[in-house]
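Chemist: Okay, here's the structure, questions in a sec.
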Amino acid sequence: MGVLPSPDLLWQSLPVPAFLIGADGRAEAVNPAGEEFLNASARSLIGQPLFDRLAVDAPLEEAFARMRAGHSALFINDVEVGTGDRAPVLCNIQAAPMAGAPGTVLLLIAPREFADRLGRAQGLTKSARSAIGMADMLAHEIKNPLAGITGAAQLLAMNLAPEDRELTDLIVTETRRIVKLLEQVEQFGRMRPPERHAVNIHDILDRARRSAELGFASHMRIIEEFDPSLPPVWADADQLVQVFLNLLRNAAEASGAQGGRIRIRTFYDLTLRLRREDGSRALPVQVEISDDGPGIPPAILEDIFDPFVSGRENGTGLGLALVSRIIADHDGWIGVESQPGRTTFRIALPKAQGREG
Ligand SMILES: Nc1ncnc2c1ncn2[C@@H]1O[C@H](COP(=O)(O)OP(=O)(O)OP(=O)(O)O)[C@@H](O)[C@H]1O
Ligand SMILES: [Mg+2]
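Here it is in structure tokens:
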């Protein structure tokens, strides 16, 4: 199910300075790239005349009036834009009348030096995030026409003799596969930093297990070996459920239709606790998910946590990439050992004690 990214998310993710300007010339909204460009917070800018802070070497008033009269967009290339506290930079300006309101949307398409600086200043993760935000929006936009294509193929199939349906079936299965891939991309895009609390790891594992057994793992036997004395972990419960669902799903898919056995084990790693004395970070809560399936193909074992690495015909290879990203966001650790007949993923997580009052 696709959720339209909120306009606010779109605004926040825009990699170029963007401003909403009221009819009176005052700033009504400034996006994060705009704050960075003006070196001022949106709060301090909103309500103030924008062009007091932004010196644009072009007759903008006049151009805006023409633009509004003609209900058209405005493009001005290579304009010097100054901000008072640093040398003017050459920008391409794009503006358009605000939809349904008397104001103007203004975008500054900044030159490369500034774009580079912006990338550095915001750090890689932030620009990576905005790239993922774009991919997320794109994924959503592609899914809609795909639904139309699937529907049309199904309508066509209704009027065909069964032996002629091979091609329409192909359209339907392939578009479904693309939709699934796009949903995974969207899942990446929607990832937020974990909201961590002290949570019981066994409750999380139970949630994942129950939903697995109702669906993709109904043919598997799942065995629990829980250490009931484990302390709470410092984690985002929903994100960890996603992690365990992905691991259980992989185990179930690897085992094939004949089924198999999955063991979920939790334990407290005493050696890690002892090593804490010398200042190393302790990640004492351990969770293992093992299965007795065929094992991970050796050719991909090394790269298993990278995106788009898959050993399955219809796999997107995003499951474990998502898992490792969530675990990294939790300051945790994940490892894998695999041979035919036994594959074990082991996750180490920090305990909650001492984190929260
Ligand atoms: N328990 C397992 N047993 C055997 N192979 C596994 C196991 N877990 C993962 N793999 C292998 O690792 C590959 C990558 O897994 P990952 O979850 O990242 O992607 P995927 O399952 O192919 O696709 P997706 O999860 O995005 O639908 C799988 O395709 C499979 O070949
Ligand atoms: Mg998977």
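When we follow my numbering, the leftmost residue of the sequence shown carries the number 18, and every step to the right adds one. Positions of the beta carbon are idealized from the N, C-alpha and C atoms, including for glycine. Note that the coordinates shown come from a computational prediction; the quantities given were computed from them, not determined experimentally.
(1) I221 lies in the alpha helix (DSSP H); which residues open and close that run?
(2) Using a Cβ-Cβ cutoff of less than 6 Å, which residues in the same chain neighbour V353 once the five nearest sequence positions on both sides are dropped?
(3) May I have a chain-ordered list of the beta strand (DSSP E) segments no shorter than 3 residues that lie completely inside the region 161-226?
(4) For ligand 1, any of its heavy atoms closer than 7 Å to the Cβ of T190?
(5) Quick check: the Cα distance between A156 and G42, rounded to an integer number of angstroms?
(6) Put W28 into one of helix, strand or coil per three-state DSSP.
(7) Apart from the five residues on each side of it in sequence, which residues of its chain come closer than 6 Å, Cβ to Cβ, to V260?
(8) Measure the CB-CB distance between I240 and T283 and report whether it falls below 8 Å.
(9) Tell me the DSSP secondary structure of L155 in three-state form.
(10) May I have the straight-line CA-CA distance separating P301 from I351, to the nearest angstrom?
(11) Which word fits F36, buried or exposed, when buried means at least 16 other C-beta atoms lie within 10 angstroms of its C-beta?
(12) Under a criterion of Cβ closer than 7 Å to any non-hydrogen atom of ligand 2, which residues qualify, in chain order?
(13) Quick test of your reading: N263 and L337, contact by CB under 8 Å. State the CB separation rounded to the nearest angstrom.
(14) What do you reckon, is the C-beta of G334 under 7 Å from a heavy atom of ligand 1?
(15) Relative to the C-alpha of V216, which residue among Q370, E45 and L124 is closest?
(16) In whole angstroms, what separates the C-alpha of P24 from that of D153?
(17) Look up I343 in the DSSP assignment and say whether it is helix, strand or coil.
(18) Given a cut-off of 8 Å on the beta-carbon distance, is the pair P357 and G328 in contact?
(19) Does the Cβ of R329 lie closer than 7 Å to at least one heavy atom of ligand 1?
(20) To the nearest angstrom, report how far apart D10 and P211 are at their CA atoms.
(21) Given that a residue counts as buried once 16 or more other Cβ atoms are within 10 Å of its Cβ, and exposed if not, what is K368?
(22) Might you give, ordered along the chain, the residues of its own chain that have their beta carbon closer than 6 Å to the beta carbon of R238, omitting 5 neighbours on each side?
(23) Since A269 and A234 should fall inside the 8 Å C-beta cutoff, what is the C-beta to C-beta distance between them, to a whole number of angstroms?
(24) For D323, which of E330, P314 and G334 has the nearest alpha-carbon?
(25) Work out the CA separation of Y285 and N267 for me, nearest whole Å.
(26) Taking the C-alpha atoms as reference points, what is the distance between L55 and M208?
(27) Nearest CA to the CA of M84: which residue from P119, A252 and N161?
(28) Taking M115 as the reference, which of L123, C108 and N109 has the closest Cα?
(29) DSSP state of S89, grouped into three classes?
(30) Kindly give me the distance between the Cβ atoms of L257 and I281, rounded to whole angstroms, as I take these residues to be in contact under 8 Å.
(31) With a threshold of 7 Å, establish whether the CB of T360 neighbours any heavy atom of ligand 1.
(32) Would you decide whether F325 is buried or exposed? Buried here means 16 or more other CB atoms lie within 10 Å of its CB.
(33) Assuming A86 and Q65 form a contact by the criterion Cβ under 8 Å, report the distance between their Cβ atoms to the nearest whole angstrom.
(34) If you run the structure through DSSP and keep just helix, strand and coil, what is N42?
(35) Is the beta carbon of D153 within less than 7 Å of some heavy atom of ligand 1?
(36) Tell me which same chain residues have a C-beta within less than 7 Å of the C-beta of A254, skipping the five on either side of it?
Modeler: On the basis of the data shown:
(1) As a working mapping, residue 221 is identified with position 204 in the sequence shown. I221 -> alpha helix (DSSP H) spans I218 to L231.
(2) By 1-based counting over the sequence shown, the position of residue 353 is 336. Answer for V353: F362, listed in chain order.
(3) 214-216
(4) Start at 1 with the first residue of the sequence shown, and residue 190 comes out as number 173. No, the beta carbon of T190 sits no closer than 7 Å to any heavy atom of ligand 1.
(5) Translated into the one-based positions of the sequence shown, residue 156 becomes position 139. Translated into the one-based positions of the sequence shown, residue 42 becomes position 25. Cα to Cα, the separation comes out at about 36 Å.
(6) Within the sequence shown, numbered from 1, the residue matching residue 28 stands at position 11. Residue state, collapsed to three classes: helix.
(7) Translated into positions along the sequence shown, residue 260 becomes position 243. Same-chain partners within the cutoff: V340 and I343.
(8) As a first step, residue 240 is located in the sequence shown; it is residue number 223 there, counting from the start. As a first step, residue 283 is located in the sequence shown; it is residue number 266 there, counting from the start. Their beta carbons are not under 8 Å apart, which means I240 does not touch T283 by this criterion.
(9) By 1-based counting over the sequence shown, the position of residue 155 is 138. In this structure, L155 counts as helix in the three-state DSSP scheme.
(10) In the sequence shown, counting from the first residue as 1, residue 301 sits at position 284. In the sequence shown, counting from the first residue as 1, residue 351 sits at position 334. Using only the alpha carbons, I get a separation of about 13 Å.
(11) Taking the first residue of the sequence shown as 1, we reach residue 36 at position 19. The residue in question, F36, is buried, as its Cβ has 16 or more Cβ neighbours within 10 Å.
(12) N263, R266, N267, E270, G332, G336 and L337
(13) Reading the sequence shown from its first residue, position 246 is the one you call residue 263. Reading the sequence shown from its first residue, position 320 is the one you call residue 337. About 7 Å separates the two Cβ atoms, so the contact holds.
(14) Translated into positions along the sequence shown, residue 334 becomes position 317. Result yes, Cβ under 7 Å from ligand 1.
(15) Your numbering for residue 216 matches position 199 in the sequence shown. Taking only the C-alpha atoms, the option nearest V216 is Q370.
(16) Reading the sequence shown from its first residue, position 7 is the one you call residue 24. Reading the sequence shown from its first residue, position 136 is the one you call residue 153. C-alpha separation (whole angstroms): 13 Å.
(17) For this step, residue 343 is matched to residue 326 along the sequence shown. It is helical.
(18) Start at 1 with the first residue of the sequence shown, and residue 357 comes out as number 340. Start at 1 with the first residue of the sequence shown, and residue 328 comes out as number 311. No, the Cβ-Cβ distance between P357 and G328 is not below 8 Å.
(19) To locate residue 329, count along the sequence shown from 1; it is residue 312. Checking the Cβ of R329 against ligand 1 gives yes.
(20) Absent from the model: residue 10. The displayed extent of the chain is 18 to 374, so no value can be given.
(21) As a working mapping, residue 368 is identified with position 351 in the sequence shown. With 16 or more other Cβ atoms within 10 Å, it is buried.
(22) Your numbering for residue 238 matches position 221 in the sequence shown. Excluding sequence neighbours, R238 sits near R278.
(23) Mapped onto the sequence shown, residue 269 falls at position 252. Mapped onto the sequence shown, residue 234 falls at position 217. With 8 Å as the limit, A269 and A234 qualify as a contact, their Cβ atoms being about 4 Å apart.
(24) Numbered from 1 along the sequence shown, position 306 holds the residue referred to as residue 323. Among E330, P314 and G334, the Cα nearest to that of D323 belongs to G334.
(25) Here residue 267 corresponds to residue number 250 of the sequence shown, with the count starting at 1. Here residue 285 corresponds to residue number 268 of the sequence shown, with the count starting at 1. Roughly 25 Å between the two C-alpha positions.
(26) Locating residue 55 in the sequence shown gives position 38, where the first residue counts as 1. Locating residue 208 in the sequence shown gives position 191, where the first residue counts as 1. Spanning the two alpha carbons is a distance of roughly 29 Å.
(27) Here residue 84 is taken as the residue at index 67 of the sequence shown, counted from 1. Checking every option, the nearest Cα to that of M84 belongs to P119.
(28) Reading the sequence shown from its first residue, position 98 is the one you call residue 115. Of the candidates L123, C108 and N109, the one whose C-alpha sits nearest the C-alpha of M115 is L123.
(29) On the sequence shown, residue 89 is found 72 positions in, with the first residue counted as 1. Coil.
(30) Position 240 of the sequence shown holds residue 257. Position 264 of the sequence shown holds residue 281. About 13 Å; that fails the 8 Å criterion.
(31) Start at 1 with the first residue of the sequence shown, and residue 360 comes out as number 343. Within the cutoff, so yes.
(32) Residue 325 sits at position 308 when you count from the first residue of the sequence shown. Answer is exposed; the Cβ neighbour count stays below 16.
(33) To locate residue 86, count along the sequence shown from 1; it is residue 69. To locate residue 65, count along the sequence shown from 1; it is residue 48. A86 to Q65, Cβ: 26 Å. No contact.
(34) Taking the first residue of the sequence shown as 1, we reach residue 42 at position 25. Just to set this straight, residue 42 is Gly in the shown sequence, not Asn. G42: coil per DSSP, three-state reduction.
(35) One-based indexing of the sequence shown puts residue 153 at position 136. Answer for D153: no, Cβ out of range of ligand 1.
(36) Indexing the sequence shown from 1 puts residue 254 at position 237. Cβ neighbours of A254 beyond the five flanking positions: V216 and I221.
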